[in-house]
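Working notes, beginning with the structure itself.
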Amino acid sequence: MSIVTVQLGQCGNQIGHEVFQSLCSDIRGTHGLCSKKENQSYQDACKERFFWEEESGVPVARAVLVDMEPKVISQTLSTAARSGCWKYNNQSHFCQKQGSGNNWANGYSVHGPRHKESIMNLVQKEAEKCDRLGGFVTIMSLAGGTGSGLGAFVTQCLRDAFPTSFILNHVIWPYGTGEVIVQNYNSVLTLSHLYRSADALLVHENDVIHKVCAQLMNIKHISFRDVNQVIAHQLGSVFQPTHTPEGGPNYSRNPLGDLMETLVPHPEFKMLGLRNIPQIPETSLPYSTFSWPGLIKHLRQMLIANAQMEEGIDWQVRPPPAGSSTPSSHSTKRPLHFNTSIANLVILRGKDVHSVDLGSFQDPCLYTSWLNPQDAFNAWRTPRAFNKYEKSASLVSNSQFLLKPLDSVVGKAWNMFASRAYIHQYTKFGIEEEDFLDSFTTLEQVISSYSTL
Numbered sequence: 001m002s003i004v005t006v007q008l009g010q011c012g013n014q015i016g017h018e019v020f021q022s023l024c025s026d027i028r029g030t031h032g033l034c035s036k037k038e039n040q041s042y043q044d045a046c047k048e049r050f051f052w053e054e055e056s057g058v059p060v061a062r063a064v065l066v067d068m069e070p071k072v073i074s075q076t077l078s079t080a081a082r083s084g085c086w087k088y089n090n091q092s093h094f095c096q097k098q099g100s101g102n103n104w105a106n107g108y109s110v111h112g113p114r115h116k117e118s119i120m121n122l123v124q125k126e127a128e129k130c131d132r133l134g135g136f137v138t139i140m141s142l143a144g145g146t147g148s149g150l151g152a153f154v155t156q157c158l159r160d161a162f163p164t165s166f167i168l169n170h171v172i173w174p175y176g177t178g179e180v181i182v183q184n185y186n187s188v189l190t191l192s193h194l195y196r197s198a199d200a201l202l203v204h205e206n207d208v209i210h211k212v213c214a215q216l217m218n219i220k221h222i223s224f225r226d227v228n229q230v231i232a233h234q235l236g237s238v239f240q241p242t243h244t245p246e247g248g249p250n251y252s253r254n255p256l257g258d259l260m261e262t263l264v265p266h267p268e269f270k271m272l273g274l275r276n277i278p279q280i281p282e283t284s285l286p287y288s289t290f291s292w293p294g295l296i297k298h299l300r301q302m303l304i305a306n307a308q309m310e311e312g313i314d315w316q317v318r319p320p321p322a323g324s325s326t327p328s329s330h331s332t333k334r335p336l337h338f339n340t341s342i343a344n345l346v347i348l349r350g351k352d353v354h355s356v357d358l359g360s361f362q363d364p365c366l367y368t369s370w371l372n373p374q375d376a377f378n379a380w381r382t383p384r385a386f387n388k389y390e391k392s393a394s395l396v397s398n399s400q401f402l403l404k405p406l407d408s409v410v411g412k413a414w415n416m417f418a419s420r421a422y423i424h425q426y427t428k429f430g431i432e433e434e435d436f437l438d439s440f441t442t443l444e445q446v447i448s449s450y451s452t453l
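Residue 283 in UniProt numbering sits at position 283 of the sequence shown; the count goes up by one each step and never skips.
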């Protein structure tokens with residue numbers, strides 16, 4: 001099944017480009033480390049999922065590019081075309097001359113309704129090119145105006161136009177120190193609206209990826225492109241084809257459906273986080289060896305201790321002993337800093353994946369009491385290596401990992417709202433104080449639900 005990607009705003013378009021670039025370089029690589037037949041079916045599955053082919057044979061991304069300023073989109077289109085291995089459809093983008101000025105309300109209440117028909121027509125055309133539509137992935141930032149405001153509006157339109165399709169919002173959490181003075185307002189409004197429309201939100205935090213670039217990739221002067229490439233690599237590690245337990249020898253048919261079924265058992269819990277190991281500079285790959293038991297041990301501890309990368313994990317954090325907590329005293333008995341999960345998915349790629357023991361992820365102590373650990377944990381595997389890594393493991397987790405950042409953003413936004421700072425910027429575009437209060441209520445409920453796991 002095919003996935004249509006909707007890239008929104010500067011951030012969404014730049015990351016979207018890196019994602020397609022990463023997918024393409026992966027399927028063109030000769031580093032598959034698997035049989036020819038396996039490699040061929042992997043390439044075919046990826047192409048069907050993310051690209052359609054022109055008569056000339058060039059893969060064209062199944063994507064719609066949206067921004068309120070033309071600069072980034074024209075750069076993105078030309079860079080993709082110059083790569084020589086794939087391109088965007090020149091008819092599948094929409095831009096205007098004037099941006100949203102980092103104002104969520106401008107994107108949501110002005111640009112959204114004004115351009116709804118043009119944008120949804122482009123989406124409809126891309127969807128019609130799919131033999132079987134699996135769903136949509138939107139890529140957007142939480143902090144700005146176009147990505148967040150227009151992104152929230154477009155997500156609602158997608159839900160109305162395609163009520164039975166899966167929608168995954170991939171969102172970029174802003175730097176804690178701030179890029180935009182009103183980023184906490186924008187984030188609160190975006191998250192609360194997406195929570196109502198999307199099936200799941202896959203979150204990347206800028207601060208975390210920045211750390212990965214500095215400490216694991218050894219990049220001295222980190223650019224947005226460096227950050228975006230790490231994000232793209234992590235997304236590729238999830239969405240490239242894999243074998244699911246039910247799928248037998250064939251590659252998974254509907255990655256978005258499988259992802260939702262595996263990780264989102266209840267509509268109250270839609271926040272997904274992503275960890276990927278190993279992550280090292282490409283130049284170090286030939287000199288590095290990794291064992292599956294080592295990778296799995298690190299990945300499990302990253303989950304338990306809520307560590308964002310394999311360096312600096314707190315190995316002191318342990319799950320609570322089995323049977324130590326009854327549901328009523330659940331939250332009080334849990335050890336400090338322990339990250340309780342609702343559901344986890346581990347994706348293994350590369351050599352000897354079928355012999356890897358993942359029993360440690362089925363430990364009932366890791367999960368909330370209302371789900372059977374057998375249902376809460378899944379694994380996907382493929383012997384096909386990903387992007388030059390002989391062995392790599394990804395963890396997509398629906399757990400308490402975002403509680404702290406979410407609580408912090410809501411707290412900061414509330415403090416500004418209490419003194420009515422910058423509210424006039426929103427009310428002049430029709431977003432009332434009531435809308436803010438609704439958004440706060442929605443997110444307080446999310447925080448409360450995840451806190452009581």
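Positions of the beta carbon are idealized from the N, C-alpha and C atoms, including for glycine. No experiment lies behind these values; they were computed from the predicted model shown.
ask   = If we count the other Cβ atoms within 10 Å of its Cβ and call it buried at 16 or more, is Gln124 buried or exposed?
value = Looking at its Cβ environment, which holds fewer than 16 other Cβ atoms inside 10 Å, Gln124 is exposed.
ask   = Using 8 Å as the Cβ pair cut-off and three pairs as the minimum, do the stretch 375 to 384 and the stretch 411 to 423 touch?
value = With contact defined as three or more Cβ pairs closer than 8 Å, the stretch 375 to 384 and the stretch 411 to 423 are not in contact.
ask   = DSSP three-state call for Trp414: helix, strand or coil?
value = helix
task = Consult DSSP for Asn102 and reduce its assignment to one of helix, strand or coil.
result = In the structure shown, Asn102 adopts coil according to DSSP, grouped into three states.
request  = Could you tell me the distance, in whole angstroms, from the CA atom of Met260 to the CA atom of Gln156?
outcome  = 18 Å
query = Could you give the distance in angstroms between the alpha-carbon of Asp363 and the alpha-carbon of Asp67?
reply = 45 Å
query = Is DSSP giving Gln91 helix, strand or coil here?
reply = Gln91: coil per DSSP, three-state reduction.
Three or more C-beta pairs below 8 Å linking the stretch 142 to 158 and the stretch 170 to 183 = yes
ask   = Enumerated in chain order, which unbroken segments of the beta strand (DSSP E) with a length of 3 residues or greater are wholly contained in the stretch 124 to 155?
value = 133 to 141
task = Write down the C-beta distance between Ile304 and Asn339 rounded to the nearest angstrom, noting that I regard them as a contact closer than 8 Å.
result = 6 Å
task = Spatial neighbours of Lys351 within its chain, please: CB distance less than 8 Å, with the 5 preceding and 5 following residues excluded, ordered by chain position.
result = Leu33, Pro383, Ala385, Glu390 and Lys391, listed in sequence order.
key: Sequence-distant residues of the same chain with beta carbon closer than 7 Å to Trp52, five excluded per side   = So the qualifying residues of the chain are Val60, Arg62 and Lys129.
The stretch 200 to 211 contacting the stretch 157 to 170, beta-carbon criterion three pairs below 8 Å = Because the criterion of three Cβ pairs below 8 Å is met, the stretch 200 to 211 and the stretch 157 to 170 touch.
key: Pairwise C-alpha distance: Pro241 and Phe361   = 22 Å
query = Val238 lies in the alpha helix (DSSP H); which residues open and close that run?
reply = Phe224 to Phe239
ask   = Buried or exposed: which applies to Glu246, given that a residue is buried once 16 or more other Cβ atoms fall within 10 Å of its Cβ?
value = exposed
message = For the alpha helix (DSSP H) containing Ile296, name the first residue and the last one.
response = For Ile296, the enclosing alpha helix (DSSP H) covers residues Trp292 to Ile304.
query = When burial is assigned at 16 or more other CB atoms within 10 Å of the CB, is Gln7 buried or exposed?
reply = Under this definition Gln7 is a buried residue.
ask   = Along the chain, which unbroken stretches of the alpha helix (DSSP H) at least 4 residues long are found entirely within the stretch 167 to 222?
value = Considered as a whole, the stretch 167 to 222 harbours 183 to 197 and 206 to 211 as its complete alpha helix (DSSP H) runs of no fewer than 4 residues, in chain order.
message = Please list the terminal residues of the continuous alpha helix (DSSP H) segment that includes Phe338.
response = No alpha helix (DSSP H) holds Phe338; DSSP gives it neither H nor E.
query = Which residues in the same chain have their Cβ closer than 8 Å to the Cβ of His210, if we skip the five residues on either side of it in sequence?
reply = The beta carbon of His210 sits closer than 8 Å to the beta carbons of Tyr175, Ile222 and Val227 from its chain, once the five residues preceding and following it are set aside; these are given in chain order.
Inter-residue Cα distance where the pair is Leu158 and Gly257 = 16 Å
query = From which residue to which residue does the beta strand (DSSP E) around Val446 run?
reply = Val446 -> not in any beta strand (DSSP E); alpha helix (DSSP H) instead, spanning Glu433 to Ser451.
query = Which class does Asn372 belong to by DSSP, given the choice of helix, strand or coil?
reply = coil
query = Exposed or buried, which one is Arg132 when buried takes at least 16 other CB atoms within 10 Å?
reply = Arg132 is exposed by the Cβ-count criterion.
ask   = Among Val230, Ser41 and Met120, which residue has its Cα nearest to the Cα of Gly16?
value = Val230
request  = Determine the direct distance from the alpha carbon of Glu117 to that of Ser187, and round the result to whole angstroms.
outcome  = For Ser187 and Glu117, the distance between alpha carbons rounds to 26 Å.
message = Do Asn254 and Gly135 have their beta-carbon atoms positioned less than 9 Å apart in this structure?
response = Taking C-beta atoms as the reference points, Gly135 and Asn254 count as a pair closer than 9 Å.
task = Pick helix, strand or coil for Pro327, following the three-state DSSP scheme.
result = For Pro327, the predicted structure reports a pLDDT of 43, less than 50, and the residue's modelled location is therefore unreliable. The matter cannot be settled from this model.
ask   = Between Val238 and Ile139, which are expected to be in contact by the criterion C-beta below 8 Å, what is the C-beta distance as a whole number of angstroms?
value = Not quite, the Cβ-Cβ distance comes to about 13 Å (not below 8 Å), so this is no contact.
query = Is the Cβ-Cβ distance between Phe429 and Ala105 less than 9 Å?
reply = Against a cut-off of 9 Å, the Cβ pair of Ala105 and Phe429 comes out as a contact.
query = Val264 by DSSP, collapsed to three states: which one?
reply = coil
inquiry  = Measuring straight from C-alpha to C-alpha, what distance separates Leu453 and Ile423?
reply    = If you take the alpha carbons of Leu453 and Ile423, they lie about 34 Å apart.
query = So which of His115, Leu191, Asn387 and Asn184 has the shortest CA-CA distance to Pro278?
reply = Asn387
query = Are Thr5 and Val58 close, meaning C-beta to C-beta below 9 Å?
reply = no
Local conformation of Ser74 per DSSP, three classes = helix
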